[in-house]
Every structure is written in C-alpha cells, then in structure tokens.
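Peer 1: So for the sequence shown, this note's numbering puts the first residue at 13; every next one is plus one. For glycine and all other residues, C-beta sits at the position ideal for the given N, C-alpha and C. Quick one: the structure is below, and I'll ask about it shortly.
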Amino acid sequence: MPLCFIDLPQAQVEYASFGTRAPERSFCLLLHEGLGCVELWKDFPHRLAETLGREVGAYSRRGYGRSSSSVLPRPINYLEHQACEELRQVLDALRHDSVILIGHSDGATIALAYAAQYADPRVRGVVAMAPHVFAEPRCIEAIRTTTRRYAGGDLRDGLKRYHGDNVDVAFHGWSDTWLSPDFVDWDITPMLDGIRSSLLLIQGEEDEYASGQHLERVRQHAKGRCSTVWLPMCGHTPQRESQGETIRAIAEFVDDIDR
C-alpha cells in the first residue's frame with residue numbers, strides 16, 4: 013500500500029488512501045485499534061474501497077506505525093481528548109466535506125467520542141466496531157493476558173514489524189493506560205448524549221474484550237439514528253473474522269447516508 017505522511021502541528025502521521033475519490037460520495041476514514049496502525053488493517057481498506065466504490069483512508073495515530081513518537085504515560089482521558097484533537101487535525105488536513113468515521117476497538121471509541129464532542133458538520137456517520145465506552149473487567153483481564161504475552165517476546169517481535177521503533181510506545185501507551193488503577197473508573201457513557209450523527213454498531217457475539225453492554229449504552233444515549241449488527245461466531249475483530257458480513261453492513265449504511 014502506498015504510504016505518505018500528513019503534517020500536523022506537533023507531529024507527522026502516516027496515511028494511506030485506497031480506492032478512487034468520488035466527489036458525490038462520502039469519504040471513509042479508518043481509525044485503528046489500541047495496537048493497530050495503517051498496515052495492520054491488512055486487506056480490509058482495499059476490499060472496503062472496492063465494494064463501496066469510493067475513497068477510503070487510514071492513518072496511524074501518533075506513537076503508532078511510522079508516525080511520530082509519543083510521550084508516555086498517556087493520560088487516562090487520552091481516547092476522548094488527545095486522540096480526538098488529533099483526529100480533528102487529520103480531518104482538517106484531508107479537506108473532505110463529507111466523512112464517515114469507521115473505527116475499531118479504541119478507534120471506535122475515538123470516533124464515538126469525536127461525534128459526541130464536536131459539532132462537526134463534515135462527519136455524517138460513524139461505524140463503531142467493538143467499541144469501548146467504560147472500563148469493563150473482562151477487557152482489563154484480557155489486556156493483562158496480552159501484556160504477559162508481550163513480555164514473553166513473541167508478540168513484541170510480531171508487532172515490531174509494523175510499528176518499528178514505536179513498538180514499545182504503542183504497546184505500553186495502550187496497556188499501561190488500561191491497566192492503571194486510575195482507569196478503573198473510566199467511563200464516557202454520559203458523553204454519548206452528544207451524538208447526533210447516524211451510527212452503525214458492529215460487534216462479534218464471542219468478543220473476548222467487551223460484552224454487549226457497550227453497544228447497549230451507546231444505543232440508550234446517542235440521539236442519532238442507530239443500527240446494530242451482531243456477528244455470530246466472531247470475536248473482537250469483525251473486519252478480519254467476519255469480513256464479508258462487516259463490509260456488507262458498512263456498504264448498506266454508507267449508501268443510505270449518501271442517498
């Protein structure tokens with residue numbers, strides 16, 4: 013995939029574009045998970061752009077992939093504050109008038125928090141795959157298990173292929189924040205009342221990192237139109253484990269927005 017860099021006020025972030033720009037159709041921007049980056053989306057952006065017949069973009073947040081590094085520790089409210097401000101800067105740099113945010117896991121949280129806090133007329137819809145809206149014990153335990161794997165070396169070696177010199181920043185920026193004693197009370201549920209955009213919520217029924225409470229809270233609080241897709245025999249990564257069903261659901265959602 014052809015990578016380039018976007019210059020932000022205090023950092024450079026890597027960016028890749030897939031498909032062809034269609035001025036009459038909304039642009040789709042992917043927001044990666046807590047250990048993700050542009051390249052870790054694998055073939056999903058290409059297949060999504062091909063199916064949608066429109067441009068799909070993906071960027072790596074600061075401290076991930078080939079983007080500028082980041083200072084640790086991250087604050088507890090990183091997802092709903094610093095990451096949202098970075099997203100605003102990316103949207104400003106890309107200069108699209110009509111955007112649909114598509115986030116996975118932490119990226120889905122950022123997309124929801126952005127829609128809740130910013131009255132941004134560019135954002136016409138949000139697709140949230142396996143979002144987190146509060147610190148759930150199930151997720152924290154899963155992250156503890158992943159942290160032990162990282163200390164063993166194999167997981168670090170695998171992630172280093174994608175994050176390079178950022179590998180420890182990417183991992184500890186994620187794990188140390190989620191495992192901090194102060195993070196136990198993290199909860200953005202009240203913020204969700206501010207969402208006016210159309211929403212598509214997608215989650216696997218076998219998600220090891222999150223229960224259905226997250227989607228239910230979003231549905232209860234968001235003020236925009238909200239659709240939910242539950243995927244049987246699917247874990248935390250719908251875009252890989254149930255890619256066909258996920259792309260079909262997104263295609264229906266974005267086509268409806270652009271009608």
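Between A105, T63, L43, which has its C-alpha nearest A123's C-alpha?
Peer 2: In the sequence shown, residue 123 corresponds to position 111, counting from 1. The shortest Cα separation from A123 among A105, T63, L43 belongs to L43.
Peer 1: Under the three-state reduction of DSSP, which class applies to R136: helix, strand or coil?
Peer 2: Taking the sequence shown and counting its residues from 1, one reaches residue 136 at position 124. Reduced to three states, the DSSP call for R136 is strand.
Peer 1: Would you kindly work out how many angstroms separate the C-alpha atoms of L84 and G185, rounded to a whole number?
Peer 2: The count along the sequence shown starts at 1 and reaches residue 84 at position 72. The count along the sequence shown starts at 1 and reaches residue 185 at position 173. If you take the alpha carbons of L84 and G185, they lie about 6 Å apart.
Peer 1: Using CA coordinates, which residue listed in R252, C96, F17 is at the minimum distance from L106?
Peer 2: As a position in the sequence shown, residue 106 is number 94, starting the count at 1. Nearest option by C-alpha distance: F17.
Peer 1: With DSSP run on the structure shown, which of helix, strand or coil describes A125?
Peer 2: By 1-based counting over the sequence shown, the position of residue 125 is 113. It is helical.
Peer 1: Report the residue from Y130, F39, G65 whose alpha carbon sits nearest the alpha carbon of E6.
Peer 2: Outside the modelled stretch of the chain, which goes from 13 to 271, sits residue 6, for which no answer is possible.
Peer 1: Suppose contacts are defined by Cβ-Cβ distances below 8 Å. Is M141 in contact with G115 by that definition?
Peer 2: Indexing the sequence shown from 1 puts residue 141 at position 129. Indexing the sequence shown from 1 puts residue 115 at position 103. It is a contact, given that the beta carbons lie within the stated cut-off.
Peer 1: Taking C-alpha atoms, which residue in S80, L64, Y221 lies nearest to E153?
Peer 2: Taking the sequence shown and counting its residues from 1, one reaches residue 153 at position 141. It is Y221 whose Cα lies nearest to the Cα of E153.
Peer 1: Taking 8 Å as the cut-off, does the segment 144-161 touch the segment 187-198 (at least 3 CB pairs, one atom from each stretch)?
Peer 2: Taking a cut-off of 8 Å on C-beta distances, the segment 187-198 touches the segment 144-161, as three or more cross pairs fall below it.
Peer 1: Note down, in chain order, each residue of its chain lying with its Cβ closer than 8 Å to the Cβ of F146, except the 5 sequence neighbours on either side.
Peer 2: Counting from one through the sequence shown, the residue named residue 146 turns up at place 134. These residues qualify, in order along the chain: W198, D199, I200, T201, Q225, H226, R229.
Peer 1: Output yes or no for whether 8 Å exceeds the beta carbon distance between L91 and D132.
Peer 2: Taking the first residue of the sequence shown as 1, we reach residue 91 at position 79. Taking the first residue of the sequence shown as 1, we reach residue 132 at position 120. No; because the gap between Cβ atoms is not below 8 Å, this pair is not in contact.
Peer 1: Alpha carbon to alpha carbon, how far is V266 from L213?
Peer 2: Working through the sequence shown from its first residue, we reach residue 266 at position 254. Working through the sequence shown from its first residue, we reach residue 213 at position 201. Approximately 13 Å, taken between the alpha carbons.
Peer 1: With which residues is Q215 paired in a DSSP beta bridge?
Peer 2: By one-based count along the sequence shown, residue 215 stands at place 203. Q215 pairs with W242.
Peer 1: Tell me the DSSP secondary structure of V276 in three-state form.
Peer 2: The question about residue 276 has no answer here: the residues shown for the chain are numbered 13 through 271.
Peer 1: With distances taken Cα to Cα, identify the nearest neighbour of Q215 among P143, D180, C238.
Peer 2: One-based indexing of the sequence shown puts residue 215 at position 203. The shortest Cα separation from Q215 among P143, D180, C238 belongs to P143.
Peer 1: So, under 8 Å CB-CB, E34 and E67 are touching, yes? Tell me the CB distance rounded to an integer number of Å.
Peer 2: Mapped onto the sequence shown, residue 34 falls at position 22. Mapped onto the sequence shown, residue 67 falls at position 55. The question names Glu, but residue 34 is Ala in the sequence shown. A34 to E67, Cβ: 7 Å. Contact.
Peer 1: Are at least three pairs of beta-carbons, each pair with one atom in the segment 163-177 and one in the segment 233-248, less than 8 Å apart?
Peer 2: no
Peer 1: So the candidates are C151, R59, S80; which of them puts its Cα closest to the Cα of V179?
Peer 2: Looking up residue 179 in the sequence shown gives position 167. When only C-alpha atoms are compared, the closest one is S80.
Peer 1: Answer with buried or exposed for G31, where buried requires no fewer than 16 other C-beta atoms within 10 angstroms of its C-beta.
Peer 2: The residue given as residue 31 occupies position 19 in the sequence shown. Per the 10 Å Cβ criterion, buried.
Peer 1: Per DSSP, which one or two residues make a beta bridge with Q24?
Peer 2: Indexing the sequence shown from 1 puts residue 24 at position 12. Per DSSP, D19.
Peer 1: In whole angstroms, what is the alpha-carbon distance linking W242 and E257?
Peer 2: Stepping through the sequence shown from its first residue, residue 242 is reached at position 230. Stepping through the sequence shown from its first residue, residue 257 is reached at position 245. Cα-Cα distance, rounded: 10 Å.
Peer 1: From the DSSP secondary-structure annotation, give me the bridge partner or partners of S210.
Peer 2: Here the question's residue 210 lines up with position 198 in the sequence shown. In DSSP, S210 forms a bridge with G137.
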